[in-house]
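One structure is given below, encoded as structure tokens.
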Amino acid sequence: MYGLVNKAVEDLVCSHYGELTWAQIQARAGVQAPGFVAMESYPDEVTYKLVAAASEVLGAPTAVLLEAVGEHWILFTARHGYGELLPMFGATLREFVTNLDNMHARVGLTFAKLRPPSFVVRDAGPQVLLLEYHSSREGLAPMVIGLLKGLARTFAEEIAVEHVHGRERGGFDLFRLELQPAAA
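Heads up, the sequence shown is in the working numbering, so the first residue is 300 and it goes up one at a time.
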């Protein structure tokens, strides 16, 4: 994964728990990088080790931590120059989710070694979408839930996300998204 992902994990931990806690997590993970370079590719194992160590140090289940990282990712990347991508791919959450693959193709122009996930979106009712998440990386479904929640906040919309099934059934994770009218 790119350093930008690891920097987002670091930012989440430091902003909520402090730099000493981040240092504990790095030590527990055996990752002593003085700082991650956003545009540099790192082995996926580095990110997985950091998340596992954070789970242990913070006493939070990995799934809860990954969801928090996903939600934080939206705010973090917006602050680091990627916020303008959101309106380019949709004015609403529904439009943006439908254009996720297009957005990843655009980001791939900047990140040469990007191995993005792929998404298939199907309408399942006036306010309901089914989202297939295809990825070569395992265990990131909770992060997708957080990403979707973060996107909903960014678009000032409400969303309920259900993880219908994992990769073991069909080779992809399936999510049910209920798009709710924004609160007045």
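Backbone N, C-alpha and C fix where the C-beta goes; we use that ideal spot for every residue, glycine too.
Which of helix, strand or coil DSSP assigns to residue i
i	result
Leu-478	strand
Leu-439	coil
Leu-473	strand
Ala-459	strand
Ala-411	coil
In DSSP terms, what residue i is bridged to
i	result
Gly-424	Val-427
Phe-418	Tyr-432
Ser-340	Tyr-301
His-464	Leu-473
For residue i, the nearest candidate out of the options (CA to CA)
i	options	result
Gly-465	Glu-431, His-315, Ala-367 and Met-338	Glu-431
Met-338	Val-396, Met-300, Leu-476 and Glu-383	Met-300
Ala-328	Gly-334, Pro-342, Val-350 and Val-308	Val-350
Ile-373	Met-442, Glu-457, Phe-410 and Thr-320	Met-442
Arg-436	Pro-360, Val-356, Thr-346 and Ala-367	Thr-346
Leu-446	Lys-412, Val-427, Val-363 and Arg-421	Val-363
Gly-469	Gly-389, His-433 and Trp-321	His-433
Gly-449	Ser-340, Cys-313, Phe-395 and Thr-361	Phe-395
Thr-484	Ala-455, Glu-467 and Asn-305	Nothing about residue 484 can be read from this structure; the chain reaches only from 300 to 483.
Glu-355	Glu-344, Gln-323 and Val-463	Gln-323
Leu-342	Lys-412, Leu-365 and Pro-425	The residue asked about is misnamed: residue 342 is Pro in this sequence, not Leu. Checking every option, the nearest Cα to that of Pro-342 belongs to Lys-412.
Ala-367	Val-463, Leu-429, Phe-471 and Leu-439	Leu-439
Span of the alpha helix (DSSP H), counted from its first residue to its last, around residue i
i	result
Ala-353	343–357
His-379	Taken as a continuous stretch (DSSP letters only), His-379 belongs to no alpha helix (DSSP H), as it is neither H nor E.
Pro-333	Premise fails: Pro-333 is in no alpha helix (DSSP H) and is neither H nor E.
Thr-397	392–397
Met-387	384–387
Glu-494	Past the boundaries of the shown model lies residue 494; the chain is included only from 300 to 483, so the question cannot be answered.
7 Å Cβ shell around residue i - same chain, five flanking residues per side excluded
i	result
Asp-400	Ser-417 and Phe-418
Glu-491	What the structure shows of the chain is the stretch from 300 to 483, and residue 491 is not part of that stretch, so it cannot be assessed.
Arg-414	Ser-435
Leu-392	Leu-450, Ala-451, Phe-454, Glu-456, Ile-458 and Leu-478
Thr-320	Val-312 and Val-356
Gln-265	Here the chain comprises residues numbered 300 to 483, so residue 265 is not present and cannot be evaluated.
Close beta carbons around residue i, own chain, < 6 Å, minus the five adjacent residues each side
i	result
Leu-303	Ala-337
Gln-406	It should be pointed out that residue 406 corresponds to Val in this sequence rather than to Gln. None.
Asp-310	Phe-375
His-403	Pro-415
Thr-397	Val-420
Residue-level contact to chain D via CB, residue i, 8 Å cutoff
i	result
Val-463	As a matter of chain content, chain D is missing from the structure shown, which is built from one protein chain.
Proximal residues to residue i (C-beta, below 8 Å), its chain only, five neighbours per side dropped
i	result
Met-387	Met-402 and Arg-405
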